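Taking it in order: structure first as structure tokens, then the write-up.
Structural data, given as structure tokens:
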């Protein structure tokens, strides 16, 4: 389901007037015309179905649909929101920053998967690029990805920081009920993914992924001391951007089907 991320709330009449880049996106990219409907995510987080009312040379106006008008589209925004589900555990991605284009791809894919928070980490083996100058680009990528994928999750991305600062933010924001997993090479300390997630009632789950140069032994120790469990994915050697997508997908699937595999384990 495609959605539009509105920069502001509709006015008291339920009307939203857009100009500039938003106008060009709706009119020239989506090619909306008067009478067309579109699902709009407003700043409050609500998803509303809106109808295009007027289009000028520089602006487009949308109005909130009445219930009977919305029904004509075949499905309401409320029904779409319900189908998306609110049962998913919030996911964090703690990503050691790879090359710029790879990081852009990781941000896009993580947003499409519904990751709640992306935490870019400047590690010892990260390439020294001007990562702090890419914040605006990452925000644009997140907005585009949410509009394309219809994700109801308001994905946030932090300012790049070192590992110690990242772990402090993780601890302060997620608390003791968090569940952290670290993708790492196979050794005596690595565990299966479902074993790492098998804790009572976690409130948030986090995944740590390295960059092209990997994660140093000192950084691994800091992560383990912070409660992150090393997990090895039994597959081919993966690029950083592939590992992030694959790891997030595995984690999301295991958490979504958590009751099923925990029940099967207890009955065996």
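Residue numbers (my numbering): 4 to 271. Heads up, the beta-carbon is just placed ideally off N, CA and C, and yes, glycines get one too. Note that the structure is a prediction, hence the values are computed from the model and not measured.
Residue 123 - partner residues in DSSP beta bridges
According to DSSP, residue 123 shares a beta bridge with 98.
Closest by C-alpha distance to residue 40, when choosing among 102, 24, 57:
That would be 57, whose Cα lies nearest to the Cα of residue 40.
Would you report the Cα separation of residue 187 and residue 234, rounded to the nearest angstrom?
Those two C-alpha atoms are separated by around 6 Å.
Looking at the unbroken alpha helix (DSSP H) that takes in residue 223, where does it start and where does it end?
Counted as a single uninterrupted DSSP element, the alpha helix (DSSP H) harbouring residue 223 occupies residues 220 to 228.
What runs of the alpha helix (DSSP H), each 4 residues or longer, lie entirely inside the region 148 to 227?
Within the region 148 to 227, the complete alpha helix (DSSP H) segments at least 4 residues long are 166 to 177, 196 to 199, listed from N- to C-terminus.
Opposing strand residues paired with residue 55 [DSSP bridges]
Beta-bridge pairing links residue 55 to 65.
Which term fits residue 163, buried or exposed, when burial requires 16 or more other beta carbons within 10 angstroms of its beta carbon?
Counting Cβ neighbours within 10 Å, residue 163 comes out buried, since at least 16 surround it.
Check whether residue 152 and residue 179 have beta carbons under 9 Å apart:
It is not a contact, given that the beta carbons lie outside the stated cut-off.
CB-CB length for residue 258 against residue 200, believed under 8 Å
The pair is a contact, with the Cβ atoms about 6 Å apart (cut-off 8 Å).
I'd like to know whether the C-beta atoms of residue 161 and residue 108 end up nearer to each other than 9 Å.
Cβ distance not < 9 Å, so residue 161 and residue 108 don't count as in contact.
Please classify residue 244 as buried or exposed, where buried requires at least 16 other C-beta atoms within 10 Å of its C-beta.
The residue is buried, with at least 16 neighbouring Cβ atoms inside 10 Å.
Under the three-state reduction of DSSP, which class applies to residue 235: helix, strand or coil?
DSSP places residue 235 in coil when its eight states are reduced to three.
Measuring straight from C-alpha to C-alpha, what distance separates residue 37 and residue 67?
A direct Cα-Cα distance of roughly 13 Å separates residue 37 from residue 67.
Nonlocal neighbours in the same chain, by C-beta distance under 6 Å from residue 248, ignoring five residues either side:
Closer than 6 Å at Cβ, skipping near neighbours: 112.
Would you give the residue range spanned by the alpha helix (DSSP H) that residue 114 belongs to?
Secondary structure note for residue 114: its alpha helix (DSSP H) is the uninterrupted segment 103 to 116.
Looking at C-beta atoms only, is the number of pairs between the region 128 to 143 and the region 88 to 106 that lie closer than 8 Å three or more?
Here the region 128 to 143 lies against the region 88 to 106, with 3 or more beta-carbon pairs under 8 Å apart.
For residue 170 and residue 210, believed in contact at Cβ under 8 Å, the rounded distance
About 14 Å separates the two Cβ atoms, so there is no contact after all.
Beta carbon of residue 173, beta carbon of residue 97: below 9 Å?
Yes, Cβ-Cβ distance for residue 173 and residue 97 is below 9 Å.
For the alpha helix (DSSP H) that contains residue 27, what are its first and last residues?
Where residue 27 is concerned, the enclosing alpha helix (DSSP H) stretches over 23 to 27.
Starting from the C-beta of residue 141, find all residues in its chain whose C-beta is less than 7 Å away, skip the five residues before and the five after it, and write them out in chain order.
For residue 141, where only same-chain residues beyond five positions count, the Cβ hits under 7 Å are 110, 160.
Using the Cα positions of residue 10 and residue 207, report the straight-line distance between them to the nearest angstrom.
A direct Cα-Cα distance of roughly 28 Å separates residue 10 from residue 207.
Compare the C-alpha of residue 55 against each of 13, 216, 46 and name the closest.
Closest option to residue 55, Cα to Cα, is 13.
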